[in-house]
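Just so you know, the protein sequences line up as chains V and C, in that order.
Numbering-wise (the working numbering), the first sequence opens with residue 7 and increments by one.
Numbering-wise (the working numbering), the second sequence opens with residue 142 and increments by one.
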Amino acid sequence: MSSTIEAREKIVTAKKTIGANASWSLWARQTIAILRLELRKNFLTSRALLLYVLAGLPLVMLAVLGVFPPPSSEFQNFGELSIVYAAIYGGLILRTLVFFGCAWVFMNLFRGEVVDRSLHYYFLAPVRREVLVVGKYLSGLLTTILLFSVSTLGSLILLYFWRFPSQSAQYFFSGPGLGQALTYFGITLLACVGYGAVFLIIGLFFRNPIIPALLIYGWEWINFLLPPLLKKLSVIHYLHSLAPVPVSEGPFAVLAEPTPAWISVPSLFVFTLLVLALASLHIRRMEISYAID
Amino acid sequence: MTTAATTHEQMIIFEDVSKFYGEILGVNRVNLSIAHGITSLVGPNGSGKTTLMNLMTGLLRPSRGRISILGTSPDDPEKLFRKVAYCSQFDTFPRGVTGREFIEFYLSVHGYARGEVRDLTQTALERVSMQEAADRSVAGYSKGMRQRIRLAQSIAHNPSVLILDEPLNGLDPMARAEIIRLFRQLADEGLYLILSSHILHEVDMMSDSVVLLHNGYVVAEGDVHGVRDEIEEHPMQILIRCDRPQFLAARLFDHEYTVEARIHDDRQGLFVKTRRADDFYLLFNRLVTENNLQIESIAPADDDLNAVYQYLISSDGGRVR
Numbered sequence: 007m008s009s010t011i012e013a014r015e016k017i018v019t020a021k022k023t024i025g026a027n028a029s030w031s032l033w034a035r036q037t038i039a040i041l042r043l044e045l046r047k048n049f050l051t052s053r054a055l056l057l058y059v060l061a062g063l064p065l066v067m068l069a070v071l072g073v074f075p076p077p078s079s080e081f082q083n084f085g086e087l088s089i090v091y092a093a094i095y096g097g098l099i100l101r102t103l104v105f106f107g108c109a110w111v112f113m114n115l116f117r118g119e120v121v122d123r124s125l126h127y128y129f130l131a132p133v134r135r136e137v138l139v140v141g142k143y144l145s146g147l148l149t150t151i152l153l154f155s156v157s158t159l160g161s162l163i164l165l166y167f168w169r170f171p172s173q174s175a176q177y178f179f180s181g182p183g184l185g186q187a188l189t190y191f192g193i194t195l196l197a198c199v200g201y202g203a204v205f206l207i208i209g210l211f212f213r214n215p216i217i218p219a220l221l222i223y224g225w226e227w228i229n230f231l232l233p234p235l236l237k238k239l240s241v242i243h244y245l246h247s248l249a250p251v252p253v254s255e256g257p258f259a260v261l262a263e264p265t266p267a268w269i270s271v272p273s274l275f276v277f278t279l280l281v282l283a284l285a286s287l288h289i290r291r292m293e294i295s296y297a298i299d
Numbered sequence: 142m143t144t145a146a147t148t149h150e151q152m153i154i155f156e157d158v159s160k161f162y163g164e165i166l167g168v169n170r171v172n173l174s175i176a177h178g179i180t181s182l183v184g185p186n187g188s189g190k191t192t193l194m195n196l197m198t199g200l201l202r203p204s205r206g207r208i209s210i211l212g213t214s215p216d217d218p219e220k221l222f223r224k225v226a227y228c229s230q231f232d233t234f235p236r237g238v239t240g241r242e243f244i245e246f247y248l249s250v251h252g253y254a255r256g257e258v259r260d261l262t263q264t265a266l267e268r269v270s271m272q273e274a275a276d277r278s279v280a281g282y283s284k285g286m287r288q289r290i291r292l293a294q295s296i297a298h299n300p301s302v303l304i305l306d307e308p309l310n311g312l313d314p315m316a317r318a319e320i321i322r323l324f325r326q327l328a329d330e331g332l333y334l335i336l337s338s339h340i341l342h343e344v345d346m347m348s349d350s351v352v353l354l355h356n357g358y359v360v361a362e363g364d365v366h367g368v369r370d371e372i373e374e375h376p377m378q379i380l381i382r383c384d385r386p387q388f389l390a391a392r393l394f395d396h397e398y399t400v401e402a403r404i405h406d407d408r409q410g411l412f413v414k415t416r417r418a419d420d421f422y423l424l425f426n427r428l429v430t431e432n433n434l435q436i437e438s439i440a441p442a443d444d445d446l447n448a449v450y451q452y453l454i455s456s457d458g459g460r461v462r
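So this is what it looks like as structure tokens:
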């Protein structure tokens with residue numbers, strides 16, 4: 007009995023402490039708590055397997071190409087490697103792996119919890135729904151940035167250093183290599199920010215988010231065929247504008263001026279903030295009725 | 142004004158609350174004032190028990206009306222869940238957690254410091270006797286253990302209002318008794334416990350008051366025996382074991398409020414139906430004293446929740462005054 011009383015006193019003290027530290031510091035602590043729980047789910051549950059496969063794919067592929075180099079001249083010629091990497095990055099890593107990786111992580115932030123019937127635990131906690139949106143979004147962002155940065159930089163290192171170690175060292179430490187690597191890393195980061203926002207909102211608004219995700223995938227793929235104005239209604243257009251090594255998009259591509267970095271980077275962040283605000287508004291009014299979902 | 146505000150902050154209040162799922166009725170025109178103690182929501186599947194609980198906790202929004210939980214709206218989760226906890230019927234957990242982690246994670250979302258989280262978790266685990274299994278994965282728990290760990294998670298932050306949807310489901314008889322004892326203890330500590338159950342016998346035993354629901358409507362509320370007294374059209378049934386049942390039956394029939402008096406098959410008792418229980422008992426006491434009747438036992442035959450509920454929802458159902 008005395009232990010119960012003692013525990014109650016502790017709770018009362020703790021509640022007073024929380025009350026005194028209300029608002030920003032409390033929200034920060036709650037965001038970190040949500041972040042920790044979500045990171046654990048993103049990295050350590052069976053759902054993470056697909057992510058590991060996606061993130062590991064270019065590394066495995068380039069390791070295989072390192073052991074069994076193709077006869078084409080691009081792979082044999084050190085000078086051509088920047089174009090080879092630009093093609094691998096733009097075609098495989100950015101358009102497909104980062105895209106689907108973000109789709110998987112961000113759509114599952116809320117939709118996955120509805121499917122697992124565990125979202126109500128958050129809704130029954132004394133936490134602002136906006137804090138929940140931010141905490142979950144940040145967890146998705148950290149997860150995807152971490153995994154796909156490893157893919158981006160790992161595949162770059164594999165491509166260059168496996169077969170041309172000394173030339174590569176010079177290229178990266180005395181030439182333009184490091185700058186390019188950092189730019190690719192930045193593009194991956196921005197891709198996670200932009201696609202993350204898109205898929206977070208899709209996961210909130212659609213019961214079956216796969217179909218809208220595939221439609222967006224199609225839209226992003228045909229971006230090179232679109233007229234300049236429509237190109238701007240995509241994430242990939244702004245990311246391509248930042249690419250350090252331009253790649254030809256083929257004879258049918260509609261050419262458009264790349265958007266300068268000072269516009270494309272803030273645009274992505276503004277877009278993301280707007281999406282987070284919309285998601286917060288939606289989640290404030292959201293009801294939980296798993297049977298219907 | 143002050144008194145009204147104080148009352149408002151001491152009660153759980155539903156004012157003309159309705160909830161529709163499209164065209165399907167969840168609950169309709171619910172007006173309730175719930176005081177502290179154990180209040181049970183009783184009704185069959187689809188009667189609106191879970192809808193009421195979900196409305197109280199903001200998981201659903203009312204289509205009409207207003208809800209106040211000790212002065213706080215369910216639309217304000219940040220305030221509400223400092224004093225309210227809801228142990229829902231969803232038997233699900235976040236993936237890959239142990240029992241202890243499950244409680245700790247959500248306590249940390251409250252904003253408690255790490256040490257406080259650890260202490261509160263341990264206390265909650267002890268209250269539901271789950272210390273030994275706390276570090277095992279929830280996925281390996283039995284249904285009863287999952288029920289108990291969800292209960293521990295609900296009470297860990299020491300709420301003033303505890304809402305429990307079918308909390309005794311899946312518990313073995315010993316665990317049931319233990320959990321009912323815990324509920325009673327929490328109610329005695331001044332908590333508002335609102336629970337739903339299909340097991341009328343247990344509800345009857347532990348509830349201070351009941352809310353009877355049918356097809357989304359509140360058909361009666363109050364304490365079990367009070368609700369029984371309120372049903373005008375269903376005479377109360379009383380079983381009397383005595384030495385001269387025929388004599389007693391004849392005397393009772395002299396009064397208009399005795400609807401029926403039937404002698405028991407073994408001729409050692411009689412079964413009486415009366416419209417006015419209070420008057421009946423006064424008369425009965427007088428008859429026993431004046432005629433020196435030997436009474437072995439006297440007990441209401443339908444003063445339990447099950448009987449009350451059956452009366453209320455039967456097609457010719459009772460009318461509540």
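C-beta atoms are modelled at their ideal positions from N, C-alpha and C, and glycine is treated no differently.
Original post:
Can you tell me whether D217 (chain C) is buried or exposed, with buried defined as 16 or more other CB within 10 angstroms of its CB?
Top reply: With fewer than 16 other Cβ atoms within 10 Å, it is exposed.
**OP:** For L411 (chain C), collect the residues of the same chain with a Cβ closer than 7 angstroms to its Cβ; drop the 5 residues on either side in sequence, then sort them by chain order.
**Re:** Around L411 (chain C): I381, P386, L389, A390, A402, R403, I404 and H405.
**OP:** Could you check the C-alpha separation between N195 (chain C) and L201 (chain C) for me, to the nearest Å?
**Re:** 5 angstroms
**OP:** Using a Cβ-Cβ cut-off of 8 angstroms, state whether A285 (chain V) counts as contacting chain C.
**Re:** no
Original post:
Would you say R202 (chain C) faces chain V, with C-beta separation under 8 angstroms as the test?
Top reply: Between R202 (chain C) and chain V, the shortest Cβ-Cβ separation is below 8 angstroms.
Original post:
So what does DSSP say about N169 (chain C), is it helix, strand or coil?
Top reply: strand
Original post:
List, in order along the chain, the chain C residues whose C-beta lies closer than 8 angstroms to that of I289 (chain V)?
Top reply: The contacting residues do not exist; I289 (chain V) stays about 11 angstroms from chain C at best.
**OP:** Ignore the nearest five residues each way along the sequence and tell me which others in S348 (chain C)'s own chain have a CB closer than 6 angstroms to its CB.
**Re:** I179 and S181
Original post:
Whose CA, out of V:I269, V:P250, V:A54 and V:W30, lies closest to the CA of G183 (chain V)?
Top reply: V:P250
Original post:
With respect to the beta strand (DSSP E) encompassing S350 (chain C), which residues constitute its N-terminal and C-terminal limits?
Top reply: S350 to H355
**OP:** Compare the C-beta of V133 (chain V) against all C-beta atoms of chain C and say whether one is closer than 8 angstroms.
**Re:** yes
Original post:
Just how far apart, CA to CA, sit L235 (chain V) and I153 (chain C)?
Top reply: 56 angstroms
**OP:** Could you say which of V:K47, V:V120, V:Q176 and V:L57 lies nearest to L153 (chain V) if we only look at CA atoms?
**Re:** Of all alpha-carbon atoms in V:K47, V:V120, V:Q176 and V:L57, the one lying nearest the alpha-carbon of L153 (chain V) is that of V:L57.
**OP:** For W268 (chain V), count neighbouring C-beta atoms within 10 Å of its own C-beta (all shown protein chains included) and say buried if the count is 16 or more, exposed if not.
**Re:** Answer is exposed; the Cβ neighbour count stays below 16.
Original post:
Which residue's Cα is closest to the Cα of F105 (chain V): V:L164, V:I193 and V:G160?
Top reply: V:I193
**OP:** Could you please tell me which residues of the segment 234-260 of chain C, in chain order, have their CB closer than 8 angstroms to any CB of chain V?
**Re:** F234, P235, R236, G237, F246, Y247, S249, V250, H251, G252, Y253, A254, E257 and D260
**OP:** May I ask you to report which of helix, strand or coil DSSP gives F425 (chain C)?
**Re:** helix
**OP:** Starting from T198 (chain C), find everything on chain V with Cβ-Cβ shorter than 9 angstroms and list it in chain order.
**Re:** H126, F129 and L130
**OP:** Would you tell me roughly how many angstroms separate the C-alpha atoms of R460 (chain C) and V360 (chain C), rounded to the nearest one?
**Re:** Residue confidence is low: R460 (chain C) scores 41 on pLDDT, short of 50, so the model does not pin down where it sits. No coordinate-derived value is stated.
Original post:
So, helix, strand or coil for K160 (chain C), using DSSP?
Top reply: The answer is strand: DSSP assigns K160 (chain C) an E or B state.
Subject >> Range covered by the alpha helix (DSSP H) that runs through P64 (chain V) >> reply: A54 to V73
Subject >> Helix, strand or coil at S278 (chain C) according to DSSP, with G and I counted as helix >> reply: Three-state DSSP puts S278 (chain C) in a strand.
Original post:
Got a sec: is the Cβ-Cβ distance from F155 (chain C) to anything in chain V below 8 angstroms?
Top reply: no
Original post:
Which value, in whole angstroms, describes the spacing of the CA atoms of L166 (chain C) and K160 (chain C)?
Top reply: 7 angstroms
Subject >> Under 9 angstroms from the C-beta of T51 (chain V): neighbouring residues of chain C >> reply: P235, R236 and G237
Subject >> Where the segment 38-49 of chain V meets chain C: residues whose CB sits under 9 angstroms from a CB there >> reply: Legend: CB atoms of the segment 38-49 of chain V lying less than 9 angstroms from CB atoms of chain C belong to residues I38, A39, I40, R42, L43, R46 and K47.
Subject >> chain C contact residues for L32 (chain V), given Cβ-Cβ distances below 7 angstroms >> reply: G252
Original post:
Would C383 (chain C) pass as a contact of E431 (chain C) if the rule is Cβ separation under 8 angstroms?
Top reply: no
Original post:
Is the shortest distance between the beta-carbon of F161 (chain C) and the beta-carbons of chain V less than 8 angstroms?
Top reply: It does not: the Cβ of F161 (chain C) has no partner Cβ on chain V nearer than 8 angstroms.
Subject >> CB contact below 8 angstroms: Y296 (chain V) versus chain C >> reply: yes
Original post:
In chain C, which residues lie with their C-beta within 7 angstroms of the C-beta of E293 (chain V)?
Top reply: L200, L201 and R202
Original post:
Within the 8 angstroms Cβ cut-off, does R117 (chain V) reach chain C?
Top reply: Not a single C-beta of chain C is nearer than 8 angstroms to the C-beta of R117 (chain V).
Subject >> A187 (chain V) in three-state terms, based on DSSP >> reply: helix
**OP:** Could you name the residues that DSSP lists as bridge partners for R207 (chain C)?
**Re:** C:E156
Original post:
Considering only C-alpha positions, which residue in the set C:A442, C:P314, C:A318 and C:Y358 is nearest to H366 (chain C)?
Top reply: C:A442
**OP:** Just list the alpha helix (DSSP H) runs in the segment 206-267 of chain C, keeping only unbroken ones of 4 residues or longer that don't cross its boundaries, in chain order.
**Re:** Given a length threshold of 4 residues, each whole run of the alpha helix (DSSP H) inside the segment 206-267 of chain C is given here in chain order: 218-224 and 240-251.
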